[in-house]
Amino acid sequence: MEVPGRVFGSATQPSAEEMDLRRGPWTVEEDLKLINYIAIHGEGRWNTLARGAGLKRTGKSCRLRWLNYLRPDVRRGNISPEEQLLILELHSRWGNRWSKIAQYLPGRTDNEIKNYWRTRVQKQAKQLNCDVDSKKFKDTMRYLWMPRLMERIRAASGSSLQGPDPQLPACPPASSSTDLTRMQFSSPVATDSFVGDCCFSGCIPDGELNFGDGIQEARLEMVDGWCDNEGLLDFEHGGGWGQNSWGLEDIWFVEQQN
DNA sequence: AACGGCCCCAACCGCCACGAC
DNA sequence: AGTCGTGGCGGTTGGGGCCGT
């Protein structure tokens, strides 16, 4: 199925081969060709594979389709709270290194994580009138969203989280002297003495959970953000983070930091 | 039911790194 | 050393579905 109105190909006069190449959404027939060919010959050498499979697609297109969609171990559907927490943490450490982050979320592709970040997280930043790279936003993540995710994970598990998500892989050991395999947050969200623990089986490598300098100012900004954006932080439409709307607990939390 | 706006995500693009020649 | 082919990555686009009016 060709997509009308979408500009494909180079602006210059296309070559005969270029004109013959298909672009746009994949058909079932194309998917089957790719799956069958890889089942027999394996992955790799994507341009050769595309020709061998009889696909009028670029090798790049075949690779993308396979890795992001057809691969049997691709996990689809909602990102779990555990995965969300991991994404937030790893992004705070590595930035937009999507492929690197994806390594720690089995079955999730870099594309999916990237889309998640852009559609969900960046939307929240926009609603808070700040940049995702700003300290204000990062502090909001660390002090409010991540503890909430911890609480949700804890609540869902029915007890304190002492073990890793079985879906998550064993990760390489931390490379720095800072042991951050165990994240701990304090939050008034659940009870006055709530402390959320989360172990990622060594999944959180080197880096820091720096709750340090300049935090007072950031928190004041967060209060302003709340005033302007009451009811926001609906992180996951139709459930999930949607339960985490700003409320009195958030005010309490922010005020306690001043 | 029709319409418009918004959101999600599959797929594309450009760029870069790397290895082979 | 330079060129070419290939793979991988992050950024961007836009079709289509959803939802509110």
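The first sequence begins at 1 in UniProt numbering and counts up by one.
The beta carbon of each residue, even a glycine, is placed where N, CA and C say it ideally should be.
The C-alpha of GLU43 lies about 13 Å from the C-alpha of PRO72. Taking a cut-off of 8 Å on C-beta distances, the segment 43-61 does not touch the segment 84-99, as fewer than three cross pairs fall below it. Per DSSP, PRO147 is one residue of the alpha helix (DSSP H) stretching across 146-157. Looking at TRP66, GLN127, VAL132 and TYR104, the one whose alpha-carbon comes closest to that of GLU83 is TYR104. If you compare the alpha carbons of TRP145, ASP20, ALA50 and ASP139 with that of TRP66, the shortest gap goes to ALA50. DSSP places LEU88 within a helical segment (H, G or I) once states are collapsed to three.
Cβ atoms of LEU21 and LEU70 stay farther apart than 8 Å, at about 19 Å. For ALA53, the three-state secondary structure derived from DSSP is coil. Around the beta carbon of THR140, 16 or more other beta carbons sit within 10 angstroms, so the residue counts as buried. Cα atoms of GLY54 and LEU64: separation of roughly 17 Å, rounded to the nearest angstrom. Cβ atoms of ILE113 and ALA125 stay farther apart than 8 Å, at about 16 Å.
The closest CA to that of GLY107, considering only ILE87, LYS100 and ARG75, is found on ARG75. Within a 10 Å sphere around the beta-carbon of VAL28 sit fewer than 16 other beta-carbons, which makes this residue exposed.
By alpha-carbon distance to LEU88, the top candidate from TYR143, LEU128, ILE40 and ASN36 is TYR143. With respect to the 8 Å criterion, LEU85 and MET150 are classified as neighbours on the basis of their beta carbons. Between LEU32 and the set LYS123, GLY24 and CYS62, the nearest pair of CA atoms involves CYS62. Straight through space, the alpha carbons of ARG120 and CYS130 are spaced by roughly 14 Å.
For SER61, the three-state secondary structure derived from DSSP is helix.
Under the three-state reduction of DSSP output, ARG45 falls in the coil class, being neither helix nor strand.
The residue from ASN68, GLN122, ARG148 and HIS41 with its alpha-carbon nearest to that of ASP110 is ASN68. Counting the other Cβ atoms within 10 Å of the Cβ of SER157 gives fewer than 16, which makes it exposed.
Between TYR37 and GLY24, the beta carbon gap of about 20 Å keeps them out of contact (Cβ cut-off 8 Å). For SER99, the uninterrupted alpha helix (DSSP H) run begins and ends at 98-102, by DSSP.
THR140 carries a helical assignment under DSSP once its states are collapsed to helix, strand and coil.
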